[in-house]
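Peer 1: If you read the sequences in order, they're chains A and B. One point on numbering: in the UniProt record's numbering, the residue at position 138 of the first sequence is 138, and numbering is uninterrupted. One point on numbering: in the UniProt record's numbering, the residue at position 54 of the second sequence is 54, and numbering is uninterrupted.
Number of protein chains: 2
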Amino acid sequence: MPTAKPTDASIDLEGRTASARRTRGGTKGLRITDVAAQAGVSPITVSRVFNNPASVAPETLERVRQVVQKLGYVPNRLAGGLSSARSRLIAAIVPTIAHSLFSETIQVFSETMSRAGYEVLLALSGYSDTNEESLLDTVLSRRPEGVLLTGVAHTESLRERLRNVGIPVVETWDMTDTPIDMLVGFSHYRIGEAVAERFLARGMKRPALIVASDARALARRAGFRDRLAQAGMTSVAEVIVAPPSSLATGKSALPQLLQGAPDVDAVFCGSDLLAIGALGAARQMGLQVPSQLAVCGFGDLDFATETTPQLTTVRVDGTRIGVSAARFLLDRFNGVHERAFVDVGFSVVERESA
Amino acid sequence: MPTAKPTDASIDLEGRTASARRTRGGTKGLRITDVAAQAGVSPITVSRVFNNPASVAPETLERVRQVVQKLGYVPNRLAGGLSSARSRLIAAIVPTIAHSLFSETIQVFSETMSRAGYEVLLALSGYSDTNEESLLDTVLSRRPEGVLLTGVAHTESLRERLRNVGIPVVETWDMTDTPIDMLVGFSHYRIGEAVAERFLARGMKRPALIVASDARALARRAGFRDRLAQAGMTSVAEVIVAPPSSLATGKSALPQLLQGAPDVDAVFCGSDLLAIGALGAARQMGLQVPSQLAVCGFGDLDFATETTPQLTTVRVDGTRIGVSAARFLLDRFNGVHERAFVDVGFSVVERESA
DNA sequence: CTGAAAGCGCTTACAG
DNA sequence: CTGAAAGCGCTTACAG
Numbered sequence: 001m002p003t004a005k006p007t008d009a010s011i012d013l014e015g016r017t018a019s020a021r022r023t024r025g026g027t028k029g030l031r032i033t034d035v036a037a038q039a040g041v042s043p044i045t046v047s048r049v050f051n052n053p054a055s056v057a058p059e060t061l062e063r064v065r066q067v068v069q070k071l072g073y074v075p076n077r078l079a080g081g082l083s084s085a086r087s088r089l090i091a092a093i094v095p096t097i098a099h100s101l102f103s104e105t106i107q108v109f110s111e112t113m114s115r116a117g118y119e120v121l122l123a124l125s126g127y128s129d130t131n132e133e134s135l136l137d138t139v140l141s142r143r144p145e146g147v148l149l150t151g152v153a154h155t156e157s158l159r160e161r162l163r164n165v166g167i168p169v170v171e172t173w174d175m176t177d178t179p180i181d182m183l184v185g186f187s188h189y190r191i192g193e194a195v196a197e198r199f200l201a202r203g204m205k206r207p208a209l210i211v212a213s214d215a216r217a218l219a220r221r222a223g224f225r226d227r228l229a230q231a232g233m234t235s236v237a238e239v240i241v242a243p244p245s246s247l248a249t250g251k252s253a254l255p256q257l258l259q260g261a262p263d264v265d266a267v268f269c270g271s272d273l274l275a276i277g278a279l280g281a282a283r284q285m286g287l288q289v290p291s292q293l294a295v296c297g298f299g300d301l302d303f304a305t306e307t308t309p310q311l312t313t314v315r316v317d318g319t320r321i322g323v324s325a326a327r328f329l330l331d332r333f334n335g336v337h338e339r340a341f342v343d344v345g346f347s348v349v350e351r352e353s354a
Numbered sequence: 001m002p003t004a005k006p007t008d009a010s011i012d013l014e015g016r017t018a019s020a021r022r023t024r025g026g027t028k029g030l031r032i033t034d035v036a037a038q039a040g041v042s043p044i045t046v047s048r049v050f051n052n053p054a055s056v057a058p059e060t061l062e063r064v065r066q067v068v069q070k071l072g073y074v075p076n077r078l079a080g081g082l083s084s085a086r087s088r089l090i091a092a093i094v095p096t097i098a099h100s101l102f103s104e105t106i107q108v109f110s111e112t113m114s115r116a117g118y119e120v121l122l123a124l125s126g127y128s129d130t131n132e133e134s135l136l137d138t139v140l141s142r143r144p145e146g147v148l149l150t151g152v153a154h155t156e157s158l159r160e161r162l163r164n165v166g167i168p169v170v171e172t173w174d175m176t177d178t179p180i181d182m183l184v185g186f187s188h189y190r191i192g193e194a195v196a197e198r199f200l201a202r203g204m205k206r207p208a209l210i211v212a213s214d215a216r217a218l219a220r221r222a223g224f225r226d227r228l229a230q231a232g233m234t235s236v237a238e239v240i241v242a243p244p245s246s247l248a249t250g251k252s253a254l255p256q257l258l259q260g261a262p263d264v265d266a267v268f269c270g271s272d273l274l275a276i277g278a279l280g281a282a283r284q285m286g287l288q289v290p291s292q293l294a295v296c297g298f299g300d301l302d303f304a305t306e307t308t309p310q311l312t313t314v315r316v317d318g319t320r321i322g323v324s325a326a327r328f329l330l331d332r333f334n335g336v337h338e339r340a341f342v343d344v345g346f347s348v349v350e351r352e353s354a
């Protein structure tokens, strides 16, 4: 009896290619044909059970699902995506998710997208442009169906390429007249102006800056300085630190600032972290906040204002940004082709000094 | 002249299947064959330029790279992954990245993995087990080469399935004697004990709890209560809140707690957020912290201790967890088959009261 | 409501 | 150092 065939065909993986050269393949190497064979239908029908169940007869549906359950079959989306040109993947390019700022946005963005059947590929760009450019290749190699960007994309070549890909793009957390596609953000420049105005209204004589040198922080700086210049304050003391900003840098930046300009009576910090660090330094130096030194931060951390009532801060609604960005992408997938553009604004929060 | 052929063949997409039924396909629909044709090599050579450049002659390498650059070709990893059974994808299953706790871990994990050529698929599980189970299917459909889990996986069926897939798994942020595979974490139970001990050493008479009802917080609660019971304190007042914990819940939980047990002189809160919220409430109630009421939090936020020196807190090194988890996975990919298991411990931090 | 054929864009395993 | 053939596991576009 040569070439005896296997007897137990219940989980028979015949049909496996003759040379069987590829051993691996995730989740037991189960394929759609295995499910199809067991359920007595064609692979296409199994495919439809996952992707368009309404088009399958209830009984067939049930039978296939039983087999899927029994075998523990999980479709291979690498194959599915390749075949359908639909990866069901959204790329989110973010400088960092540590220390909050963007984490709330990514959180709700991810929740909203996954409810709609998409997953989020997280790409951390740090704060360098060159990095962002090479990151884009990595990201595009997964053929995402949409992209969330943090900030308005910097280099023209990146913007150009993103436009060429032809997938929806949402820029967030910043503002521009010429977005690549869609935008949910706010103006950092106007925030700087608003904080300057607040300081002026409070009668501050010598406002100063502590900022990290990233694009958005520098835009806030520009708005701040321009507004002060309008009021005749053309020389503004400042300490510029390397991103990412941290408690420690804020802490060391304040003494440095005051050393060069001892009469400073208000500081606009590039982030809540820097502000909290500066406040710690102020405490150590015996400075009363805000009476001797007003401190203003920036961010979306309830934390900051809760723990530090004497802090003024600019609050941004990171949650709304994330939800809106997701909605805009999903609308596109549903054929809505408007060019969504939203300024979510900001608010300057100042607690009553207790 | 019927069937005239196109003249300009410089970016000629001939070879495209006759029926051309699939229009889409990302990044201009450029395929490896387009690059190969332009460079005068076979597709396999182009593939090697990306995946194993050392095996290609320097001149060929250069020529292919020029064409890639010129055309703006980005390989399709859906196809590559399907063909090679290597997705270069790592799944990270995390309850949430908002409000920090895990965000630092994910940040450094993602950085480390991407430096090694892997991308991170972020899957947010919330705090429900059932969710985690269905999330696993979604995640496995991408055929990740490794999985990072937050916490020790709950249901046995999930553990079972994960083991069957045969890819490396790292559980983090918790401790168990029977991990699925590898583990980088610490014992929540022992943290509870340690905080109880600290309170006892300080002579607290009536320690209490404010915790969210997630598995890990409840483990801390158990350690806390057991240790107090050893000291003869068998009745411990507590308020249990629904996760995720927040400032607001902490704020409302404290009055509730004190209403039922006015003599409480120490509270162990399930997280820094809860603790900060509770501190806010204490302030409003005119309670001195820590002299009248000691408050202890939990987390990895510099923030908490910096802004709130009167807070005692349990600190965990989220960064180390992320880096170690990444290293363990990468070791596996490099053929190191040890079953890595690390207890990173924790520390109770108490600032000198100023 | 269901299926046979062809193809998605890569890489493997040889062979030279 | 380079390439021709075959296959990875799905889905599309028909047709019935």
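All C-beta atoms, glycine included, are put in the ideal place defined by N, C-alpha and C.
8 Å is my cut-off, CB to CB: does Ser103 of chain A come that close to chain B?
Peer 2: Taking the first sequence and counting its residues from 1, one reaches residue 103 of chain A at position 103. Output row for Ser103 of chain A: interface = yes.
Peer 1: Nearest to Val239 of chain B by CA position, among B:Gly260, B:Tyr189, B:Gly299, is which residue?
Peer 2: Counting from 1 along the second sequence, the entry for residue 239 of chain B is found at position 239. Looking at the Cα atoms, B:Gly260 is the closest of the given residues.
Peer 1: Closest by CA to Val68 of chain B, which one among B:Ile32, B:Gly318, B:Ala54?
Peer 2: On the second sequence, position 68 is the one that residue 68 of chain B refers to. When each option's Cα is compared against that of Val68 of chain B, the closest is B:Ile32.
Peer 1: Please name the residue in A:Gly117, A:Glu104, A:Thr96 whose C-alpha comes closest to that of Leu124 of chain A.
Peer 2: By 1-based counting over the first sequence, the position of residue 124 of chain A is 124. Of the candidates A:Gly117, A:Glu104, A:Thr96, the one whose C-alpha sits nearest the C-alpha of Leu124 of chain A is A:Thr96.
Peer 1: Buried or exposed: Leu101 of chain A, going by 16 or more other Cβ atoms within 10 Å of its Cβ?
Peer 2: For this step, residue 101 of chain A is matched to residue 101 along the first sequence. Buried is the call here.
Peer 1: Counting only Cβ-Cβ distances shorter than 9 Å, please list the residues of the UniProt domain "HTH lacI-type" (30–84) of chain A near chain B, keeping chain order.
Peer 2: Gly72, Val74, Pro75, Asn76, Arg77, Leu78, Ala79, Gly80, Gly81, Leu82, Ser83, Ser84
Peer 1: With a threshold of 8 Å on Cβ separation, who are the neighbours of residue 414 of chain B within its own chain once the five nearest residues in sequence on each side are excluded?
Peer 2: One cannot answer for residue 414 of chain B here, as it falls past the ends of chain B, which runs 1 to 354.
Peer 1: Would you mind giving the Cβ-Cβ distance between Leu136 of chain A and Arg161 of chain A, rounded to the nearest angstrom? I have them listed as a contact below 8 Å.
Peer 2: Within the first sequence, numbered from 1, the residue matching residue 136 of chain A stands at position 136. Within the first sequence, numbered from 1, the residue matching residue 161 of chain A stands at position 161. At roughly 7 Å, the Cβ-Cβ gap stays under 8 Å, so Leu136 of chain A and Arg161 of chain A are in contact.
Peer 1: Provide the residue span of the beta strand (DSSP E) that contains Val120 of chain A, from first to last.
Peer 2: Looking up residue 120 of chain A in the first sequence gives position 120. Its beta strand (DSSP E) spans residues 119–124.
Peer 1: Given a limit of 7 Å on CB to CB distance, which residues of the stretch 125–151 of chain B reach chain A?
Peer 2: Asp137, Thr138, Leu140, Ser141, Arg142, Arg143
Peer 1: Measure the CB-CB distance between Ala282 of chain A and Ala208 of chain A and report whether it falls below 8 Å.
Peer 2: Taking the first sequence and counting its residues from 1, one reaches residue 282 of chain A at position 282. Taking the first sequence and counting its residues from 1, one reaches residue 208 of chain A at position 208. In terms of Cβ geometry, Ala282 of chain A and Ala208 of chain A do not form a close pair [threshold 8 Å].
Peer 1: Judging by CA-CA distance, which residue of B:Leu30, B:Ala39, B:Val147, B:Ser141 is the nearest neighbour of Gly72 of chain B?
Peer 2: Here the question's residue 72 of chain B lines up with position 72 in the second sequence. Checking every option, the nearest Cα to that of Gly72 of chain B belongs to B:Leu30.
Peer 1: With 8 Å set as the bound, which would you pick, yes or no: does the beta-carbon of Val236 of chain A sit closer than that to a beta-carbon of chain B?
Peer 2: Reading the first sequence from its first residue, position 236 is the one you call residue 236 of chain A. Not an interface residue.
Peer 1: From Asn334 of chain B to Arg351 of chain A, what distance separates their C-alpha atoms?
Peer 2: Residue numbering aside, residue 334 of chain B sits at position 334 when the second sequence is read from its first letter. Residue numbering aside, residue 351 of chain A sits at position 351 when the first sequence is read from its first letter. The alpha-carbon atoms of Asn334 of chain B and Arg351 of chain A are separated by roughly 55 Å.
Peer 1: So, are the CB atoms of Ser271 of chain B and Arg315 of chain B less than 8 Å apart?
Peer 2: One-based indexing of the second sequence puts residue 271 of chain B at position 271. One-based indexing of the second sequence puts residue 315 of chain B at position 315. No; because the gap between Cβ atoms is not below 8 Å, this pair is not in contact.
Peer 1: Check whether the stretch 230–239 of chain A touches the stretch 285–296 of chain A, taking contact to mean three or more Cβ pairs, one atom from each stretch, closer than 8 Å.
Peer 2: no
Peer 1: Per the DSSP calculation, Met182 of chain B is bridged to which residue(s)?
Peer 2: By 1-based counting over the second sequence, the position of residue 182 of chain B is 182. Answer is B:Val170.
Peer 1: What are the boundary residues of the alpha helix (DSSP H) that Leu162 of chain A is part of?
Peer 2: Translated into the one-based positions of the first sequence, residue 162 of chain A becomes position 162. Element bounds for Leu162 of chain A: 156–165.
Peer 1: Would Val236 of chain B and Cys269 of chain B qualify as a contact pair, given that the criterion is a beta-carbon distance under 8 Å?
Peer 2: Sequence index remark: in the second sequence, residue 236 of chain B carries index 236 (1-based). Sequence index remark: in the second sequence, residue 269 of chain B carries index 269 (1-based). Cβ atoms of Val236 of chain B and Cys269 of chain B: not closer than 8 Å.
Peer 1: So, is Gln107 of chain A buried or exposed, given that buried needs 16 or more other C-beta atoms within 10 angstroms?
Peer 2: For the purposes of this step, residue 107 of chain A is taken as residue 107 along the first sequence, with counting starting at 1. Burial check for Gln107 of chain A: the Cβ neighbour count within 10 Å reaches 16 or more, so the residue is buried.
Peer 1: Taking only beta-carbon atoms, is Gly280 of chain B less than 8 Å away from chain A?
Peer 2: Position 280 of the second sequence, counting from 1, holds the residue named residue 280 of chain B. Yes, contact with chain A.
Peer 1: Ordered along the chain, which non-local residues of its own chain (more than five positions away) have a Cβ less than 7 Å from that of Val195 of chain A?
Peer 2: Your numbering for residue 195 of chain A matches position 195 in the first sequence. Hits under 7 Å: Phe224, Phe268, Cys296, Val314, Val348.
Peer 1: Along the chain, where does the alpha helix (DSSP H) containing Arg227 of chain B start, and where does it finish?
Peer 2: Counting from one through the second sequence, the residue named residue 227 of chain B turns up at place 227. For Arg227 of chain B, the enclosing alpha helix (DSSP H) begins and ends at 215–230.
Peer 1: Rounded C-beta distance between Arg142 of chain A and Ser87 of chain A? I'm assuming under 8 Å.
Peer 2: Translated into positions along the first sequence, residue 142 of chain A becomes position 142. Translated into positions along the first sequence, residue 87 of chain A becomes position 87. Confirmed, about 6 Å.
Peer 1: Are any of the Cβ atoms in chain B nearer than 8 Å to that of Thr307 of chain A?
Peer 2: What you label residue 307 of chain A is simply residue 307 of the first sequence in a count that begins at 1. Yes, Thr307 of chain A counts as interfacial toward chain B.
Peer 1: Quick check: is the beta carbon of Val120 of chain B nearer than 8 Å to any beta carbon in chain A?
Peer 2: In the second sequence, counting from the first residue as 1, residue 120 of chain B sits at position 120. By this cut-off, Val120 of chain B is an interface position.
Peer 1: If you reduce the DSSP assignment to three classes, tell me which class Ser347 of chain B lands in.
Peer 2: Taking the second sequence and counting its residues from 1, one reaches residue 347 of chain B at position 347. Strand, per DSSP.
Peer 1: Can you check which of these residues, B:Gly322, B:His337, B:Asp331, is closest to Glu171 of chain B by C-alpha distance?
Peer 2: Counting from one through the second sequence, the residue named residue 171 of chain B turns up at place 171. The residue among B:Gly322, B:His337, B:Asp331 with its C-alpha nearest the C-alpha of Glu171 of chain B is B:Gly322.
Peer 1: Ignoring anything shorter than 4 residues, give me the alpha helix (DSSP H) runs that lie fully in the stretch 255–340 of chain A, in order along the chain.
Peer 2: 272–284, 302–307, 318–333
Peer 1: What did DSSP end up calling Thr96 of chain A once you bin it into helix, strand or coil?
Peer 2: Counting from one through the first sequence, the residue named residue 96 of chain A turns up at place 96. Here Thr96 of chain A sits in coil by DSSP.
Peer 1: Expressed to the nearest angstrom, what Euclidean distance is found between the alpha-carbon atoms of Lys251 of chain A and Gln38 of chain B?
Peer 2: Here residue 251 of chain A refers to the residue found at position 251 when the first sequence is read from its first residue. Here residue 38 of chain B refers to the residue found at position 38 when the second sequence is read from its first residue. The alpha-carbon atoms of Lys251 of chain A and Gln38 of chain B are separated by roughly 57 Å.
Peer 1: So if DSSP puts Arg150 of chain A in a beta bridge, which residue, or which two residues, is it bridged to?
Peer 2: Here residue 150 of chain A corresponds to residue number 150 of the first sequence, with the count starting at 1. Note that residue 150 of chain A corresponds to Thr in the displayed sequence, not to Arg. According to DSSP, which records beta bridges pairwise, Thr150 of chain A is partnered with A:Thr172.
Peer 1: Just the C-alpha distance for Val147 of chain B and Gln256 of chain A, rounded to the nearest angstrom, thanks.
Peer 2: Walking along the second sequence from the start, residue 147 of chain B turns up at place 147. Walking along the first sequence from the start, residue 256 of chain A turns up at place 256. The straight-line gap from Cα to Cα measures roughly 45 Å.
Peer 1: Less than 8 Å between CB atoms is the rule here; does Ala212 of chain A satisfy it with respect to chain B?
Peer 2: Locating residue 212 of chain A in the first sequence gives position 212, counting from the first residue. No - not a single Cβ of chain B is within 8 Å of the one on Ala212 of chain A.
Peer 1: How far does the beta strand (DSSP E) with residue 359 of chain B in it reach, from first residue to last?
Peer 2: Lying before the first or after the last residue shown, residue 359 of chain B is absent from chain B, which here runs from 1 to 354.
Peer 1: Using a Cβ cut-off of 8 Å (strictly closer), state whether Arg339 of chain A contacts chain B.
Peer 2: Position 339 of the first sequence, counting from 1, holds the residue named residue 339 of chain A. False, the Cβ-Cβ gap to chain B never drops below 8 Å.
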